[in-house]
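Structure first, commentary second.
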Amino acid sequence: MTQLERNAVWQGTLSLMVLRTLLAMGEQHGYGIARRIEQIADGRLSINYGTLYPALLKLEQEGLISSSWGVSDNNRKAKFYRLTKAGRRQIERETREWEAMTAIMTRFFSPSGE
Amino acid sequence: MRVLRAWLFRVAGFLRPGRGEREFSDELQSHLDLHIADNLRAGMTPLEARRQALVKLGSVASVSEAHRDRRGVPWLESILQDARYALRGIRRQPAFAAACIATLALGIGANSAIFSVVNGVLFAPLPFPNPEQLVSIWIHNASIQRDGSPMSAPDAAELRKLLKTADVEAMQTNIIPVSLVVGGDGVPANSVLMTAGMFRVLGRAPLLGRWLQDSDGPGAIVISHAFWQRRLGGDATVIGRSISDGRRSLTVVGVMPPEFVFPYPSMMRSPVTFTASSDIDFWTGLAETVAIDRAFANRNTRLIGVVARVKDGVSLETVRADARVAWRQLAQAYPETNDGWEPQVVPLHEQAVGNVREQLLLLLGSVAIVLVIACVNVTNLLLARGMARQRELAMRSALGASRGRLLQQQLIESLTYSSVGAAAGIVLAKWATPVLVGWAPAGTPRLTEIAVSWPVAVFTAAVAMLCGLVVGAIPGFGAARADVRQTIDDGARGSTRGRHQLRGALVAAELAFAVVLSVGAALLTRSFIAVVNTDPGFRTDRLLTLQVSVPGTYTSALDKHVGFYRSLFARLDAVPGVISVGGTTRLPLSGTNSSTQVAVEGRVPPEGQWPEADFRRAVHRYFETMEIPVRRGRIFTDADRAGAPPVAVINESFARKFFAAADPIGRQIRLGPSSPVRQATIVGIVGDLRHQRLDAAPNAEVYVNYQQAPPYAPLVVIRTAADPVPLAASIRAALRDVDPAIQPFPIQTMSELRSASVAPRIFLMALITSFSILALVLAGVGVYGVLSLVVAERTREIGIRLALGASPRGMLSLIVKHALLLSIAGVGAGIAMTLILSPMVASQLYGVGASDPATIAATAAGLLIVSLIAALLPAARAMRVDPITTLRRE
Numbered sequence: 006m007t008q009l010e011r012n013a014v015w016q017g018t019l020s021l022m023v024l025r026t027l028l029a030m031g032e033q034h035g036y037g038i039a040r041r042i043e044q045i046a047d048g049r050l051s052i053n054y055g056t057l058y059p060a061l062l063k064l065e066q067e068g069l070i071s072s073s074w075g076v077s078d079n080n081r082k083a084k085f086y087r088l089t090k091a092g093r094r095q096i097e098r099e100t101r102e103w104e105a106m107t108a109i110m111t112r113f114f115s116p117s118g119e
Numbered sequence: 009m010r011v012l013r014a015w016l017f018r019v020a021g022f023l024r025p026g027r028g029e030r031e032f033s034d035e036l037q038s039h040l041d042l043h044i045a046d047n048l049r050a051g052m053t054p055l056e057a058r059r060q061a062l063v064k065l066g067s068v069a070s071v072s073e074a075h076r077d078r079r080g081v082p083w084l085e086s087i088l089q090d091a092r093y094a095l096r097g098i099r100r101q102p103a104f105a106a107a108c109i110a111t112l113a114l115g116i117g118a119n120s121a122i123f124s125v126v127n128g129v130l131f132a133p134l135p136f137p138n139p140e141q142l143v144s145i146w147i148h149n150a151s152i153q154r155d156g157s158p159m160s161a162p163d164a165a166e167l168r169k170l171l172k173t174a175d176v177e178a179m180q181t182n183i184i185p186v187s188l189v190v191g192g193d194g195v196p197a198n199s200v201l202m203t204a205g206m207f208r209v210l211g212r213a214p215l216l217g218r219w220l221q222d223s224d225g226p227g228a229i230v231i232s233h234a235f236w237q238r239r240l241g242g243d244a245t246v247i248g249r250s251i252s253d254g255r256r257s258l259t260v261v262g263v264m265p266p267e268f269v270f271p272y273p274s275m276m277r278s279p280v281t282f283t284a285s286s287d288i289d290f291w292t293g294l295a296e297t298v299a300i301d302r303a304f305a306n307r308n309t310r311l312i313g314v315v316a317r318v319k320d321g322v323s324l325e326t327v328r329a330d331a332r333v334a335w336r337q338l339a340q341a342y343p344e345t346n347d348g349w350e351p352q353v354v355p356l357h358e359q360a361v362g363n364v365r366e367q368l369l370l371l372l373g374s375v376a377i378v379l380v381i382a383c384v385n386v387t388n389l390l391l392a393r394g395m396a397r398q399r400e401l402a403m404r405s406a407l408g409a410s411r412g413r414l415l416q417q418q419l420i421e422s423l424t425y426s427s428v429g430a431a432a433g434i435v436l437a438k439w440a441t442p443v444l445v446g447w448a449p450a451g452t453p454r455l456t457e458i459a460v461s462w463p464v465a466v467f468t469a470a471v472a473m474l475c476g477l478v479v480g481a482i483p484g485f486g487a488a489r490a491d492v493r494q495t496i497d498d499g500a501r502g503s504t505r506g507r508h509q510l511r512g513a514l515v516a517a518e519l520a521f522a523v524v525l526s527v528g529a530a531l532l533t534r535s536f537i538a539v540v541n542t543d544p545g546f547r548t549d550r551l552l553t554l555q556v557s558v559p560g561t562y563t564s565a566l567d568k569h570v571g572f573y574r575s576l577f578a579r580l581d582a583v584p585g586v587i588s589v590g591g592t593t594r595l596p597l598s599g600t601n602s603s604t605q606v607a608v609e610g611r612v613p614p615e616g617q618w619p620e621a622d623f624r625r626a627v628h629r630y631f632e633t634m635e636i637p638v639r640r641g642r643i644f645t646d647a648d649r650a651g652a653p654p655v656a657v658i659n660e661s662f663a664r665k666f667f668a669a670a671d672p673i674g675r676q677i678r679l680g681p682s683s684p685v686r687q688a689t690i691v692g693i694v695g696d697l698r699h700q701r702l703d704a705a706p707n708a709e710v711y712v713n714y715q716q717a718p719p720y721a722p723l724v725v726i727r728t729a730a731d732p733v734p735l736a737a738s739i740r741a742a743l744r745d746v747d748p749a750i751q752p753f754p755i756q757t758m759s760e761l762r763s764a765s766v767a768p769r770i771f772l773m774a775l776i777t778s779f780s781i782l783a784l785v786l787a788g789v790g791v792y793g794v795l796s797l798v799v800a801e802r803t804r805e806i807g808i809r810l811a812l813g814a815s816p817r818g819m820l821s822l823i824v825k826h827a828l829l830l831s832i833a834g835v836g837a838g839i840a841m842t843l844i845l846s847p848m849v850a851s852q853l854y855g856v857g858a859s860d861p862a863t864i865a866a867t868a869a870g871l872l873i874v875s876l877i878a879a880l881l882p883a884a885r886a887m888r889v890d891p892i893t894t895l896r897r898e
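Sequence lines, in order, name chains A and B. Everything in the first sequence is counted per my numbering, starting at 6 for the first residue and increasing by one. Everything in the second sequence is counted per my numbering, starting at 9 for the first residue and increasing by one.
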């Protein structure tokens, strides 16, 4: 694991990205989620797909997502994840927190210091 | 909530490993399949598609591990794994494990047993509802140095009305011995008078029947569980049963539960030492006695103890303030008796345990030292074994075990030992605690409440945890720090200097603690010897004592009463083997006392400010029988009878206290209202005697003659020509001859009373001495163990030296020097510690200072000898080292 992947902030960020991806795409398997995150980051983020799975497990244990085995578009067996009600609420809350936090950080980093 | 839910899943995953594992590998497989399919669609070759998918996935092993850790509870898994490893270790090296576990079991068990005593007596709440609300109220007077005094009955009655913040009840502060007739036999019993409401204030429900009530007529009694079982055979129909006390009939209205012990010995006025029988057999109403006995009406007769329950939500400070205000009113209303006195409000718990707190805490401290030494020994054992396992540890470290993991493994191992040790320790405590209670001196408060209870189990578990962590910490950190390359390079040679020094320091510490305990034990033993050798002021051997209560038929008139005594002594004097017979009302070393106010004619202070002196009646030939020496003047004669001028004999302390250098003979004294003789002429001075305890300074005593004030239940003393015990039967027969209604209380020899009076000392001394012996043995084993290792590790060096021509004697002195160095360091530190700690034991000492140089020096020398003896075996082994075999082994 790289330094970034062990980082708690990164873990939280990854969780939020997973949740938002599921919100946007509905039901999706781990590979699909990973691809989607990479697409949205538009090449600016390169992750090992494997790191996604412990994060998915954690979200599932916390009851934010649920999973079941199903069949993919091209007829392959895969484990699909979807948001639970608690997961939707969590997105709202975390999005709010994230926005508040980035607003503060932006002010800190703005050159005039205002 | 979310976190909790996640943990539940993880614990479930931990309990069912395997399932998640399979599912995850399926999921990874499907991930790869999906990715490879995409890559193929993008035009890659199958090989490239697969390679790219794998690269993008990252390390399967590390992802799987992260996923596995997330599924279960990894630290719990590793702890269980370590515990399994430790248990396997016990099977693999049973002797080593047994040594560790047995040492810890001994240390922990001894601590649990002592803690269960200390907890039952000191820490546990009193067995009453809301016990923190209960207080005793006493009065003190700084100008005459009276502290914790009972108050007069009228003052108690008024305090009850004045005190708004607490419910006040009263009891008499003497045990009243009576003899009851049960099934035709005389049965001695101790009773206490208290107000009927006392039961309500204490709040402990009776086992059978009911409490006393204000409406009870005279003669209603509530009996103790022990008396009911022992004397009445646990009779289920006991309520309503009548029992005669020789004069009147008493009716049992209730039986209290076994844990109901009240009043506590420390609440009884006759300063009850451990020797006084403090078991109360029955309780009866106080009101009637106060009403008929005129002495109680006097505000200078202070015999009443007050116990109160503080009202809900009222603080102790408020009650104290309230009591001060109330007492100020009493002092203003009755200045001649109450001026100068102040109320003292003492929580009942403090009151109950006050007199044994110090001894018990001392015991707890001593047994804790034993545990420390035990822990040091086990630490040393683990360190020694760690040496042997260094290569294994280095190997594991090289294979990737983290330092934390190695430390954890050592801690889990030592915790496993300490847990097994604690389990064995609890069994040991279960067995030892009743033994301790059996040995405890009579009169120790709350003995019935001592048990290996839940708090003891919690304490034991906590101690076991602590021991496990402490014992494992040093070897554990050592293991974690171990330098892999060096250890493997060095091979069997190992450079172990640092470890040596550490183990040496531990053994020195052990010796230091052993010095502290041994000095404590030696000081207590010397005090005991000093106490036993104290001259009590009378001859204690061949002296029989018994209490005789005068049958009611004689006490109605003075001449009949005196006549009874005349025939009693005529008969007893005639028993063969009897040299002399006398009696008194308070026997020395029996644990009871009584005092009265005294003023010397010509300089009488205002009433209420009279100083006190101990008051006794001398019966028949008391001074001759006890062999109390006459210093000046004369003792009583038959001529000092009723109608003759009242006379008194005083002791030397009395003469010093009241007359200083002046001659007391012929002077008149006045005695307080509690004395049957109110004024008398001093005719003689007798020697001081140790009345309360052998180790307490004599008090001022005044004696009056029994013919001028006949007692109702004198203690008779009989000097015999030979062993007094066989005479008991003929004494009983003689008493029956005088009147069959006479019931002698258990006949005891003065030697028995004397040993009973030192029982608390013996208890403390015996326990601390056995702890110190345990400490010595453990410290000796520690020294032996470390030196054995030194010899084992230096075998090669010794072999080379011998081969080069060194003498075996030189090798012996090499090891002995090592031992001496260790012991001198340890003993030196021990002496320093002793000097710091010994003031704690000062209050328990008699005739020897807390930092007595001779005791400390002798103990230190003893410790040095013990450690040298422990060093001899390994040293002898060093002498016998065979250079050829040793060198060949390399």
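Cβ atoms here follow ideal geometry from the backbone N, Cα and C, with glycine treated the same way.
| Asked | Found |
| --- | --- |
| Start and end residues, alpha helix (DSSP H) containing residue 357/B | 356–361 |
| Separation of residue 418/B from residue 392/B, as counted between CA atoms | 13 angstroms |
| CA nearest to the CA of residue 16/A, picked from 111/A, 112/A, 58/A and 97/A | 58/A |
| 9 angstroms Cβ cut-off: residues of chain A touching residue 84/B | Ordered by position in chain A, no residue passes the 9 angstroms Cβ test against residue 84/B, which lies about 16 angstroms from the chain. |
| Within-8 angstroms CB hit, residue 374/B to chain A | no |
| Coil, strand or helix - residue 129/B by DSSP | helix |
| CB contact flag (residue 91/B, residue 377/B, <8 angstroms) | no |
| CB of residue 477/B within 8 angstroms of CB of residue 117/B, strictly | no |
| Coarse secondary structure for residue 86/A, derived from DSSP in three states | strand |
| Distance cut-off 7 angstroms: residue 96/A Cβ against heavy atoms of the ligand NAD | Only the bare structure without any ligand can be found here, which leaves the ligand NAD out of the picture. |
| Partner residues on chain A for residue 50/B, Cβ-Cβ distance less than 9 angstroms | Residues of chain A passing the Cβ test: none, with the nearest at roughly 12 angstroms. |
| Per-residue DSSP class, three states only, for residue 598/B | coil |
| Range of the contiguous alpha helix (DSSP H) that encloses residue 555/B | Counting along the chain, residue 555/B falls outside any alpha helix (DSSP H), though it belongs to the beta strand (DSSP E) covering 551–557. |
| Cutoff 8 angstroms: residue 68/A Cβ touching any chain B Cβ | yes |
| Contacting residues, own chain, Cβ-Cβ under 7 angstroms from residue 682/B (five flanking each side not counted) | 303, 309 and 604 |
| Three-state secondary structure assigned by DSSP to residue 407/B | coil |
| Within 7 angstroms of chain B by C-beta, residues of the stretch 61–92 of chain A in sequence order | 62, 63, 66, 67, 68, 77, 79, 81, 82, 83 and 84 |
| Residue 608/B vs residue 679/B beta-carbon contact at 8 angstroms | no |
| In DSSP terms, what residue 416/B is bridged to | DSSP output for residue 416/B lists no bridge partner at all. |
| Identity of the residues DSSP links to residue 723/B by a beta bridge | 555/B and 592/B |
| Cutoff 8 angstroms: residue 56/A Cβ touching any chain B Cβ | yes |
| Near-chain A residues of the stretch 60–71 of chain B (beta-carbon distance less than 8 angstroms), N- to C-terminal order | 64, 65, 66, 67, 68, 70 and 71 |
| is_contact[residue 779/B, chain A] using C-beta, thresh 8 angstroms | no |
| Helix, strand or coil at residue 217/B [DSSP, three-state] | strand |
| For residue 573/B and residue 223/B, the rounded distance between their alpha carbons | 38 angstroms |
| Exposure of residue 541/B, with buried meaning 16 or more beta-carbon neighbours within 10 Å | exposed |
| Segments assigned beta strand (DSSP E), at least 3 residues, entirely inside the stretch 623–694 of chain B | 638–641, 655–659, 676–679 and 687–694 |
| Continuous alpha helix (DSSP H) stretch holding residue 181/B: start and end | Per DSSP, residue 181/B belongs to no alpha helix (DSSP H) and is neither H nor E. |
| Per-residue contacts from residue 57/B into chain A (C-beta, under 7 angstroms) | In chain order: nothing, as chain A lies at least about 14 angstroms away. |
| The beta strand (DSSP E) enclosing residue 262/B, as first and last residue numbers | 257–263 |
| Extent of the continuous alpha helix (DSSP H) to which residue 810/B belongs | 767–811 |
| Residues that DSSP places opposite residue 752/B in a beta bridge | 556/B |
| Rounded separation between residue 775/B and residue 445/B - CA only | 12 angstroms |
| Where residue 441/B falls: helix, strand or coil (DSSP) | helix |
| Inter-residue spacing [alpha-carbon to alpha-carbon] between residue 7/B and residue 447/B | Residue 7/B is absent from the model: chain B starts at 9 and stops at 898. |
| Cutoff 8 angstroms: residue 35/A Cβ touching any chain B Cβ | yes |
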